[in-house]
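Working notes, beginning with the structure itself.
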Amino acid sequence: DSGVTQTPKHLITATGQRVTLRCSPRSGDLSVYWYQQSLDQGLQFLIQYYNGEERAKGNILERFSAQQFPDLHSELNLSSLELGDSALYFCASSVESLGELFFGEGSRLTVL
Amino acid sequence: QQQVKQSPQSLIVQKGGIPIINCAYENTAFDYFPWYQQFPGKGPALLIAIRPDVSEKKEGRFTISFNKSAKQFSLHIMDSQPGDSATYFCAASMSGANNLFFGTGTRLTVIP
Chain A
1313 DSGVTQTPKH
1323 LITATGQRVT
1333 LRCSPRSGDL
1343 SVYWYQQSLD
1353 QGLQFLIQYY
1363 NGEERAKGNI
1373 LERFSAQQFP
1383 DLHSELNLSS
1393 LELGDSALYF
1403 CASSVESLGE
1413 LFFGEGSRLT
1423 VL
Chain B
191 QQQVKQSPQS
201 LIVQKGGIPI
211 INCAYENTAF
221 DYFPWYQQFP
231 GKGPALLIAI
241 RPDVSEKKEG
251 RFTISFNKSA
261 KQFSLHIMDS
271 QPGDSATYFC
281 AASMSGANNL
291 FFGTGTRLTV
301 IP
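Here you go:
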């Protein structure tokens, strides 16, 4: 158990809808990262927050947004969903910026 | 654009064999090269990591070989076991950065 908690584990929704994925980092970790994992693309970095502030942005679509709250949990919001957004979304946390990443078990999103 | 290229995509070996997974990168600013192991239904977990000041690092049955001039690094698993069956990801990052660039993963199957 990595100590990182992600909910929900599975989510099925329709195109055009909006979903929110939630992540609770390990106790004491200030950095939260979001990754998207699809079969042919591996792990794609989406965005990183450090102690509530956005620190780095990767291949995150404009339809997607994230935030980190004062209690350090983070949410990834995906809107106007398309079939191609179906993937596993992982949250990871670390004590400081970068360093060893501890991954949650992921949220599997299926868009029908 | 894939910053870290990983091969092969999949690998099947007999128990006791030595699977080798290769990764290559272009950005000479990368100075941290971890390997992550992912079991089905779980998030990736750090397995072993190397920095470019050494050419080899060994932890138990897992060895990273690093060739700075060729910009390549590889993972060797000695005396592989069925319990090593998993997907392995190489990754790279640079000091001061806030992102790990992952390879596309190698699915390893160790046959009893």
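Going down the list, the protein sequences come from chains A and B. With the working numbering applied, the first sequence closes on residue 1424, and no number is skipped along the way. With the working numbering applied, the second sequence closes on residue 302, and no number is skipped along the way. Even for Gly, the Cβ is constructed at its ideal location relative to N, Cα and C. As the structure is a computational prediction, the values presented were derived from the model and not from experiment.
Give me the Cβ distance between B:P198 and B:T296, rounded to the nearest whole Å; I'm assuming they're in contact under 8 Å. On the second sequence, position 8 is the one that residue 198 of chain B refers to. On the second sequence, position 106 is the one that residue 296 of chain B refers to. Rounded, the Cβ-Cβ distance is 6 Å, consistent with contact.
Which of the residues in the stretch 1342 to 1364 of chain A, read from start to end, lie with their CB under 9 Å from any CB of chain B? S1343, Y1345, Y1347, Q1349, D1352, Q1353, G1354, L1355, Q1356, F1357, Q1360, Y1362
Flag A:R1306 as yes if its beta-carbon sits less than 9 Å from any beta-carbon of chain B, otherwise no. Within the shown structure, residues of chain A are numbered from 1313 to 1424, placing residue 1306 of chain A beyond reach of any answer.
Classify B:S285: buried if its beta carbon has 16 or more other beta carbons within 10 angstroms, exposed otherwise. Position 95 of the second sequence holds residue 285 of chain B. It is exposed - the Cβ of B:S285 has fewer than 16 other Cβ atoms within 10 Å.
B:F279 and A:G1354 closer than 9 Å at C-beta: Stepping through the second sequence from its first residue, residue 279 of chain B is reached at position 89. Stepping through the first sequence from its first residue, residue 1354 of chain A is reached at position 42. Yes; because the gap between Cβ atoms is below 9 Å, this pair is in contact.
Find the residues of chain B that neighbour A:S1314, judging by a C-beta separation of less than 8 Å, and give them in chain order. In the first sequence, counting from the first residue as 1, residue 1314 of chain A sits at position 2. Residues of chain B passing the Cβ test: G233, A235.
Taking B:S270 as the reference, which of B:T253, B:S245, B:K261, B:F263 has the closest Cα? Within the second sequence, numbered from 1, the residue matching residue 270 of chain B stands at position 80. Taking only the C-alpha atoms, the option nearest B:S270 is B:T253.
Using a Cβ-Cβ cut-off of 7 Å (strictly less than) and excluding sequence neighbours within five positions of B:P242, which residues of its own chain qualify? Within the second sequence, residue 242 of chain B is the residue found at index 52, counting from 1. Taken in chain order, the residues that qualify are D221, F256, K258.
Who pairs with B:V203 in a beta bridge, going by DSSP? In the second sequence, the residue the question calls residue 203 of chain B occupies position 13. According to DSSP, B:V203 bridges with B:V300.
Three-state secondary structure assigned by DSSP to A:L1390: Along the first sequence, one-based indexing puts residue 1390 of chain A at 78. Here A:L1390 sits in strand by DSSP.
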